[in-house]
Amino acid sequence: MKTILVDAWNTLITTNGVDNSMKELLDQFPNPKIIVTNANAEEQRAFGMVNLPYPLYSMNHHPDKTDPYYFECLLKAYDLNAGDIVYFEHNTDAVASAASSGIQAYWFDKSSRDLKKLKEFLETSL
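Sequence positions in the sequence shown follow the numbering used here and run 803 to 928.
What follows is the structure in structure tokens.
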């Protein structure tokens, strides 16, 4: 069963907290989920990344998700292969970084927040 990587800030988490509509969508899938962020512990608290519905993974900016090494470390930490993962993210450079690591990645438009398109991506990718 594939694991869903979920970008934290400006995707699952907004200035209003966890996007409950997105969480409800994600909970329709039995797949494991991991929230991914660049934020360090102080930033996580400041951005409200506490009491989250899924495990949180960060390398505390060493490196950021725009570096493929971030994803290599994540795969090793969770004993996963790139083919075991789908990922959605608002930052195009992070999407490209994940894709260069062999991870199927989807750019999520944080402005339109189109959950229908996200659902289609998940349904066809899982």
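Glycine is no exception: its CB is placed at the ideal position from the N, C-alpha and C atoms.
Would residue i be called buried (16 or more neighbouring beta carbons within 10 Å of its own) or exposed?
i	result
Gln830	exposed
Ser903	buried
Lys867	buried
Val852	exposed
Ser913	exposed
Ser756	Residue coverage of the chain in this structure runs from 803 to 928, which leaves residue 756 outside it and unanswerable.
Thr817	exposed
Ala841	buried
Tyr809	The amino acid occupying residue 809 in the given sequence is Asp; Tyr does not appear at that position. Buried.
Ala848	exposed
Met861	buried
With distances taken from CA atoms, which of the options is nearest residue i?
i	options	result
Leu917	Arg847, Leu807, Thr813 and Leu854	Thr813
Tyr872	Gly850, Ala896 and Phe910	Ala896
Thr894	Ala884, Phe910 and Ile887	Phe910
Phe924	Asn822, Pro834, Asn840 and Gly850	According to the sequence as given, residue 924 is Leu; it is not Phe. Looking at the Cα atoms, Pro834 is the closest of the given residues.
Val820	Pro832, Ile806, Ile837 and Lys804	Ile837
Lys921	Leu828, Tyr880 and Asp809	Leu828
Got a sec, what are the start and stop residues for the alpha helix (DSSP H) residue i sits in?
i	result
Phe923	Leu917 to Ser927
Phe849	Here Phe849 belongs to no alpha helix (DSSP H), and DSSP marks it neither H nor E.
Asp895	Thr894 to Ser902
Ser914	No alpha helix (DSSP H) contains Ser914, which DSSP labels as neither H nor E.
Leu814	Premise fails: Leu814 is in no alpha helix (DSSP H) and is neither H nor E.
Just curious, the beta strand (DSSP E) that residue i is in, first and last residue?
i	result
Tyr908	Gln906 to Trp909
Phe890	Ile887 to Glu891
Lys835	Lys835 to Thr839
Leu882	Where Leu882 is concerned, there is no enclosing beta strand (DSSP E), given that its DSSP letter is neither H nor E.
Leu854	Here Leu854 belongs to no beta strand (DSSP E), and DSSP marks it neither H nor E.
Check whether the Cβ of residue i lies closer than 8 Å to any Cβ atom in chain B.
i	result
Leu877	This model lacks chain B altogether; it includes just one protein chain.
Residue i to residue j, Cα distance in whole Å?
i	j	result
Thr926	Leu877	22 Å
Glu891	Ala884	16 Å
Ile905	Val888	6 Å
Leu858	Lys919	24 Å
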